[in-house]
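Asker:
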Amino acid sequence: MTDDADLLARWRAGDPAAGSALVRRHVATLARFFRGKAVDVADVVQQTLTACVQAKGRVPDGLEFRAYLLGIARNVLLHDLRRRGRKPEPHGLDDLPLAAPSALSPSRAVAAREERRLLLRALRRLPYDLQWLIELHYWEGLRQDDVAAVLEVPPGTIKSRLSRAKKLLRAEIEALAADPALRASTVDDLDRWARELAALRDDEP
1 MTDDADLLAR
11 WRAGDPAAGS
21 ALVRRHVATL
31 ARFFRGKAVD
41 VADVVQQTLT
51 ACVQAKGRVP
61 DGLEFRAYLL
71 GIARNVLLHD
81 LRRRGRKPEP
91 HGLDDLPLAA
101 PSALSPSRAV
111 AAREERRLLL
121 RALRRLPYDL
131 QWLIELHYWE
141 GLRQDDVAAV
151 LEVPPGTIKS
161 RLSRAKKLLR
171 AEIEALAADP
181 ALRASTVDDL
191 DRWARELAAL
201 RDDEP
């Protein structure tokens, strides 16, 4: 498969087919980022893609294209939230790709769904940039420098912010879950969720 950097270079050189291929490759990433945060996901995805087309010549050297696109998406989302004067919408969280593997036993699959719901509810109680930090690091698998670029913060702060985000997420999980076993399994399975999400992402067309 042609890598993003090559497609971007061809797009900048005047190859519209390369640009179309590059953009299509990351539509699912954008939808995943906006889901549960914006009311009209299709609209904010389109806004992001339009802004990307207009700014294709401004992708910094060394920055992953996907990170650049997500940085635009973050700004689109912040504008959308300010315009609406409200927090991310709670509906749609169950549509996020956190499904348990089909190989699980029925009882374990039920438990995994409960963990998933708890994790997402807790995540949405964090400040925006800490939510997005966890998503970008764990679910999108971005490098720390790329996460910093998306969130517009110094790269050296990402490690400490991630530690703070995980601590706050654990606290929210503990506050929301009455069942000690569910609390423990949800917190302990954060890394497992990340691995499963990466596998799901790799399987996307």
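For the sequence shown, UniProt numbering gives the first residue as 1, with consecutive numbering after it.
No residue lacks a Cβ here, since even glycine has one placed at the ideal position from N, Cα and C.
Express the C-alpha separation of residue 75 and residue 62 in angstroms, rounding to a whole number.
Answerer: 21 angstroms
Asker: Whose C-beta lies closer than 7 angstroms to the C-beta of residue 162 among residues of the same chain, with five residues either side of it excluded?
Answerer: 133, 137
Asker: Indicate the three-state DSSP secondary structure (helix, strand or coil) for residue 125 in the structure shown.
Answerer: In the three-state reduction of the DSSP assignment, residue 125 falls in the coil class.
Asker: By alpha-carbon positions, which one of 159, 115, 175 ends up nearest to residue 126?
Answerer: 175
Asker: Mind checking residue 103: buried by the 16 CB within 10 Å criterion, or exposed?
Answerer: Low confidence applies here, because residue 103 scores a pLDDT of 49, under 50, leaving its location unreliable; read the following figure in that light. Exposed is the call here.
Asker: Use the C-beta contact count for residue 14: other C-beta atoms within 10 angstroms, 16 or more gives buried, fewer gives exposed.
Answerer: exposed
Asker: Could you check what DSSP says for residue 26 in three-state terms: helix, strand or coil?
Answerer: coil
Asker: How far does the alpha helix (DSSP H) with residue 71 in it extend, from its first residue to its last?
Answerer: For residue 71, the enclosing alpha helix (DSSP H) covers residues 65-84.
Asker: How far does the alpha helix (DSSP H) with residue 10 in it reach, from first residue to last?
Answerer: 4-12
Asker: In whole angstroms, what separates the C-alpha of residue 24 from that of residue 180?
Answerer: 43 angstroms
Asker: Would you kindly check if the distance between the Cβ of residue 70 and the Cβ of residue 150 is under 9 angstroms?
Answerer: yes
Asker: So residue 179 is in the alpha helix (DSSP H); what residue range does that whole segment cover?
Answerer: Here residue 179 belongs to no alpha helix (DSSP H), and DSSP marks it neither H nor E.
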